[in-house]
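The next block holds one structure in the form of structure tokens; read it before the comments.
In the working numbering, the protein residues as written are 201 to 361.
Dropping the structure here:
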């Protein structure tokens with residue numbers, strides 16, 4: 201498999217957006233990611249229907265993998281009563297561990313002397329913990345995008361000549 205500069209720049213852009221959306225999680229950022237994911241899945245679904253050969257195979261694999269992940273996330277298979285048999289339960293556990301590990305470790309410098317968004321440990325200002333719900337929503341959107349891209353790679357790999 202060959203990688204071009206376009207793929208490299210795409211990966212760097214994805215990592216930058218993912219890092220920003222997880223560290224500085226907010227409702228508008230997680231809603232923007234959800235809208236971008238929805239637009240991406242609609243586009244690859246249309247590309248799977250109307251595309252040709254390799255692009256249709258990639259779009260078909262992306263559409264199937266992305267929609268299946270979102271269906272597993274939205275269906276009440278494991279989220280009622282926090283049952284651990286849901287297909288996304290492992291992702292949920294990883295997201296909560298990530299949330300706990302990065303939340304309090306980032307130092308914040310006061311902006312123009314405004315310390316209203318910080319809390320102090322031994323006199324050192326820290327960023328307030330990001331909201332959990334937008335953090336989880338952003339993490340699931342990013343995971344769905346990665347799953348869709350992997351599905352597209354698998355679809356392209358197994359395309360019929």
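Cβ coordinates follow ideal geometry from the N, Cα and C atoms, glycine included.
query, result
"Taking all protein chains shown into account, decide if residue 215 is buried (16 or more other Cβ within 10 angstroms of its Cβ) or exposed.", "exposed"
"Of the residues 298, 275, 343 and 265, which one's Cα is nearest the Cα of residue 353?", "265"
"State the Cα-Cα distance for the pair residue 358 and residue 339, rounded to the nearest angstrom.", "29 Å"
"Roughly how far, in whole angstroms, is the beta-carbon of residue 248 from the beta-carbon of residue 260, given that I think they are within contact range, below 8 Å?", "4 Å"
"My guess is that residue 291 and residue 343 are in contact by the Cβ rule of under 8 Å, so how many angstroms apart are they, rounded?", "6 Å"
"Can you give me the Cβ contacts of residue 348 inside the same chain, cut-off strictly under 6 Å, excluding the 5 residues immediately before and after it?", "262, 265 and 266"
"Please state if the CB of residue 234 and the CB of residue 341 are separated by a distance shorter than 9 Å.", "yes"
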